[in-house]
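Enquirer: Numbering that gives the first Met the number 0 puts the sequence shown at residues 0 to 487.
Just so it is clear, CB atoms sit at the ideal spot from N, CA and C, and this is done for glycine as well.
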Amino acid sequence: MIATITSLLFTNTTVRQTIVKNTFWLGVMEGVNKLLKLLLIIYVARILGAGEYGTFTFALAFIGLFSIFFHLGLHQIIVKEFSSDRQKENDFSALLSLEILLSLGTLLLIFFGSFFITSDFLTRKIIWILALYAALDNFFALTNLFFRARQRMEFEALTKIIQAALVTSFGLFVVFNFPSIENLSYSYLCASFAVLVLAMVFFHTRVYRLSLCWNGKVWGKFLGMSWPLALGGVFLTIYGNTDSVMLGLLGQVTETGWYNAAFKVIGVSTIPASLIGLSFFPALSSALSDPQKLQRIWNYQMKAMIFLVVPIVVGGITLAPRIISFMYGADFSPATLAFQILLVSVGLMILYSPLAQALLIFNQQKKTLWIAPVGAGVNVLLNLILIPTYSLYGAAISTVFTYAVIFFLVFLYAVKLTPIKILNYSFVLAFVGALTSSFAMYLFISQPPISSVPVYAVVCFGAIIYCICYLGYERVIRKLRFTPSSTS
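(1) Are the beta-carbon atoms belonging to Gly256 and Thr56 less than 8 Å from one another?
(2) Since Phe331 and Ala44 are thought to touch, with beta carbons under 8 Å apart, how far apart are those beta carbons, to the nearest angstrom?
(3) To test your reading of the DSSP string, which unbroken alpha helix (DSSP H) runs of 4 or more residues are found completely within the region 360-427?
(4) So what does DSSP say about Thr335, is it helix, strand or coil?
(5) Roughly how many angstroms separate the alpha carbons of Phe65 and Leu108, rounded to a whole number?
(6) Kindly indicate which three-state DSSP category Gln251 falls into: helix, strand or coil?
(7) DSSP three-state label for Gln75, please.
(8) Which full runs of the beta strand (DSSP E) of 3+ residues lie inside the region 90-123, going along the chain?
(9) Tyr469: buried (16+ other C-beta within 10 angstroms of its C-beta) or exposed?
(10) Identify which residue in Gly315, Val345, His74 and Met348 has its Cα closest to the Cα of Thr335.
(11) Taking all protein chains shown into account, decide if Gln446 is buried (16 or more other Cβ within 10 angstroms of its Cβ) or exposed.
(12) If Val457 and Ile449 are in contact, beta carbons under 8 Å, what's the gap, nearest whole angstrom?
(13) Assuming Trp24 contacts Glu181 (C-beta within less than 8 Å), just tell me the rounded distance between them.
(14) Hey, quick one: how far does the alpha helix (DSSP H) through Gln511 stretch, first residue to last?
(15) Examine the Cβ distances between the region 61-81 and the region 45-52 and report whether three or more of them are shorter than 8 Å.
(16) Among the candidates Leu94, Asn240 and Ser168, whose CA atom is the shortest distance from the CA of Val217?
(17) Have a look at Pro281 and Ile99 and give me their C-alpha separation to the nearest angstrom.
(18) Whose C-alpha, out of Cys212, Gly231 and Ser179, is nearest the C-alpha of Leu368?
(19) Run the CB neighbour count on Gln162, radius 10 Å, all protein chains shown included, and call it buried at 16 or more, exposed below.
(20) Quick one: Cα of Tyr42 to Cα of Arg147, how far?
(21) In angstroms with no decimal places, state the Cα-to-Cα distance between Phe262 and Ser82.
(22) In whole angstroms, what separates the C-alpha of Leu307 from that of Leu354?
(23) Throw me the rounded Cβ distance for the Thr401 and Val345 pair, which I believe falls under 8 Å.
(24) Drop a sphere of 10 angstroms on the beta-carbon of Val200, count the other beta-carbons inside from all chains shown, and report buried for 16 or more, exposed for fewer.
(25) Determine the closest residue to Ala58 out of Leu209, Leu39 and Val252, with distance taken between C-alpha atoms.
(26) Find the nearest neighbour of Val490 within the set Ile349, Ile160, Met301 and Ile405, judged by alpha-carbon distance.
(27) Could you check which residue in Ile405, Thr388, Arg321 and Tyr392 has the C-alpha nearest to that of Gly376?
(28) Quick check on DSSP: helix, strand or coil for Arg205?
(29) Along the chain, where does the alpha helix (DSSP H) that runs through Ile322 open and close?
(30) With a cut-off of 8 Å, do at least 3 Cβ pairs link the region 188-195 to the region 221-237?
(31) I'd like to know whether the C-beta atoms of Ala413 and Ala329 end up nearer to each other than 8 Å.
(32) Could you check the C-alpha separation between Ala140 and Leu416 for me, to the nearest Å?
(33) Please classify Cys468: does DSSP put it in a helix, a strand, or coil?
(34) Check this for me: beta carbons of Asn382 and Thr241, under 8 Å apart or not?
(35) Quick check on the DSSP output: the alpha helix (DSSP H) that includes Ser168 runs from which residue to which?
(36) In whole angstroms, what is the alpha-carbon distance linking Ser485 and Arg477?
Given below as structure tokens:
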């Protein structure tokens with residue numbers, strides 16, 4: 000039994016077993032990571048209040064506008080290239096050197112930009128501290144690309160869990176003993192530095208000897224592949240952070256805190272989908288030369304996304320008031336409606352991921368480059384129109400419309416530019432099953448007597464009911480499929 004479990008969780012054998020193994024480890028990683036950080040944010044929001052928390056998230060959102068410049072889309076390309084050809088790992092030293100230069104340049108951009116975004120010295124100082132944290136976190140992510148490319152996510156999971164544990168521990172210690180957003184920022188920086196040192200030592204001694212190599216040829220080759228992702232990433236960061244930045248600039252700092260409190264819960268709801276996407280991407284890249292195998296793997300991924308997205312949206316909207324109250328308390332009740340609106344964007348994001356991966360593995364990122372600026376333009380325009388009148392709710396609506404436009408365009412291009420069969424009968428059946436099972440779940444969790452049950456228990460019971468109904472639906476469909484052939 001021990002040998003079987005060890006083989007299943009620590010050895011790559013078949014495609015399906017590798018995907019299951021990687022999904023398990025990514026699930027553990029993302030679950031522990033986001034839940035620990037959510038725990039930290041809950042106490043930060045409760046102890047410091049929506050105002051100070053809003054300032055903290057405003058600083059993070061401003062840094063987020065520059066986040067793509069730390070790596071210029073190289074991370075996805077590195078995973079793609081390293082997973083397709085192990086010999087390309089020899090370029091890692093040159094890529095490490097390139098990222099050092101990119102990080103230094105990005106830190107300078109953030110430093111000078113902070114003088115234009117705020118006149119408050121404390122906010123500016125928090126931006127500087129968190130910018131250093133973001134730079135260190137980028138190098139930490141770089142070391143994990145090796146594990147992802149080799150489809151050994153168990154090592155990435157271990158390092159990221161250690162990182163989340165240290166950040167949360169440092170943060171909670173500061174919040175309970177020295178509560179201020181400045182001290183909280185320093186705790187993020189110190190924890191990130193400690194994790195990076197540990198990760199670099201382990202990586203250097205056990206995985207790949209670290210060194211610097213100033214190789215312009217390698218830089219040009221990888222940047223030539225990543226620049227469409229980088230340009231697209233610029234616009235992604237715009238519509239991913241403009242709402243919080245704009246709320247802060249309009250003086251709605253408390254509203255920024257409410258809005259980002261809702262967004263943190265949204266982040267937890269996307270854990271299953273994000274780990275599935277991370278787990279499937281290397282497998283899709285390695286199956287590029289086998290169309291049937293590629294289609295089969297992609298089908299697994301899309302059906303898994305459908306299975307996840309419907310109950311998350313239905314259950315989340317139904318239980319939103321109780322979730323926000325349980326997480327943050329009554330002072331954050333204005334975040335409830337924003338959370339419900341944002342859940343629609345969660346559905347679009349989850350279904351968007353397999354389509355974007357299909358385009359990327361077939362190197363179609365240049366042809367779809369214009370989609371990101373369109374999304375950014377829609378988002379900025381809607382934020383300018385809606386936020387002054389509807390505050391955080393206008394920001395949430397802008398996010399939903401932005402993702403709807405992007406999803407529609409990416410879907411059209413995935414159908415047109417890839418040989419993958421994007422739509423088929425099995426996906427329709429999966430949607431029907433998910434909708435039917437989610438309706439059964441809704442009937443249970445919306446009953447008045449359930450209001451006296453703790454919300455975390457309701458979520459668990461609802462998930463169990465959904466899974467039972469979906470499995471029953473799948474069993475009926477299988478019988479209907481095979482009955483005609485057996486009688487003939």
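Expert: The structure says:
(1) yes
(2) 7 Å
(3) 370-416
(4) helix
(5) 8 Å
(6) coil
(7) helix
(8) none
(9) buried
(10) Gly315
(11) exposed
(12) 6 Å
(13) Wrong, their Cβ atoms sit about 36 Å apart, outside the cutoff.
(14) Summary: the structure shown does not reach residue 511, with the chain confined to residues 0 through 487, and so no result is reported for it.
(15) no
(16) Leu94
(17) 25 Å
(18) Gly231
(19) buried
(20) 32 Å
(21) 33 Å
(22) 16 Å
(23) That pair is no contact at about 13 Å.
(24) exposed
(25) Val252
(26) This structure does not reach residue 490, given that the chain is present from 0 up to 487, and the question cannot be answered.
(27) Ile405
(28) helix
(29) Pro290 to Tyr327
(30) no
(31) no
(32) 31 Å
(33) helix
(34) yes
(35) Met152 to Asn176
(36) Its pLDDT being 40, under 50, Ser485 is placed unreliably in this model, and the coordinates cannot settle the point.
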